[in-house]
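Novice: This structure is in structure tokens; I'll ask about it shortly.
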Amino acid sequence: MPSFEFLSNLSSLLSQSLLNTLDNDEYYDIAIEVGNDPDVKIFRAHMVILSCRSPYLRRILLANKRKSEDENLTHIKLPNILPEIFEIILRYIYGGKLALENNDTSNVIKVLIAVNELGLQELVPLLQSFLINSNVNWMEQNFNLIKRSNY
């Protein structure tokens, strides 16, 4: 039976390969317009990966596919998510790692709201714990903002 370290290395290699595919802009079949004017960014991605990882995106892609079967590229819009927040989440979808180190608390809350919207429920308790454990003072000072977000 393979060792845990061996399996971990394989998983890491797979994650890195998927991130390389995302970064290289190759073989994409979906364009995702994220944000609102003037802060809009187009992300290119792969339907099969998105539909496997996000129940919300799977529903959108299935509905959209029925509308545009003769087009080569599917387009969807996610106006409620900021581009910089979606990029963090997209990299998690492809690579399995959520990079929060360089983000302030308000961005972590935006990530929490967005992952909840995208149906990435495995991240909700992890992000909640991260916020509680590392940002108690900020949360006390901004309680009303947190309460309004309804995640």
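First residue of the sequence shown: 1, per full-length UniProt numbering; consecutive thereafter. Cβ coordinates follow ideal geometry from the N, Cα and C atoms, glycine included.
#1: Return the first residue and the last residue of the beta strand (DSSP E) that Lys-41 is part of.
#2: Quick one: using the 10 Å Cβ neighbour count with 16 as the cut-off for buried, is Arg-59 buried or exposed?
#3: Can you tell me which of the three DSSP states Leu-90 falls into?
#4: Going by beta-carbon coordinates alone, are Leu-22 and Tyr-94 separated by less than 8 Å?
#5: Beta strand (DSSP E) containing Leu-78: first to last residue?
#6: What residue range is occupied by the uninterrupted beta strand (DSSP E) comprising Ile-81?
#7: Please return the same chain residues whose Cβ sits closer than 8 Å to the Cβ of Thr-74, not counting the five positions on each side in sequence.
#8: So the alpha helix (DSSP H) Asn-107 belongs to, where does it begin and stop?
Specialist: Taking the coordinates as given:
#1: Working through the sequence shown from its first residue, we reach residue 41 at position 41. Unbroken beta strand (DSSP E) run through Lys-41: 39-45.
#2: Working through the sequence shown from its first residue, we reach residue 59 at position 59. Per the 10 Å Cβ criterion, exposed.
#3: On the sequence shown, position 90 is the one that residue 90 refers to. Reduced to three states, the DSSP call for Leu-90 is helix.
#4: The residue given as residue 22 occupies position 22 in the sequence shown. The residue given as residue 94 occupies position 94 in the sequence shown. For Leu-22 and Tyr-94, yes; Cβs fall inside 8 Å.
#5: If you number the sequence shown from 1, residue 78 lands on position 78. For Leu-78, the enclosing beta strand (DSSP E) begins and ends at 74-78.
#6: For this step, residue 81 is matched to residue 81 along the sequence shown. Per DSSP, Ile-81 belongs to no beta strand (DSSP E) and is neither H nor E.
#7: Taking the sequence shown and counting its residues from 1, the one referred to as residue 74 is at position 74. Excluding five sequence positions before and after Thr-74, the CB atoms of its chain that fall closer than 8 Å to its own CB belong to Asp-29, Ile-30, Ala-31, Met-47, Leu-61, Asn-64, Lys-65 and Ser-68, given in chain order.
#8: Position 107 of the sequence shown holds residue 107. Looking at the DSSP string, the run of the alpha helix (DSSP H) that includes Asn-107 is 105-117.
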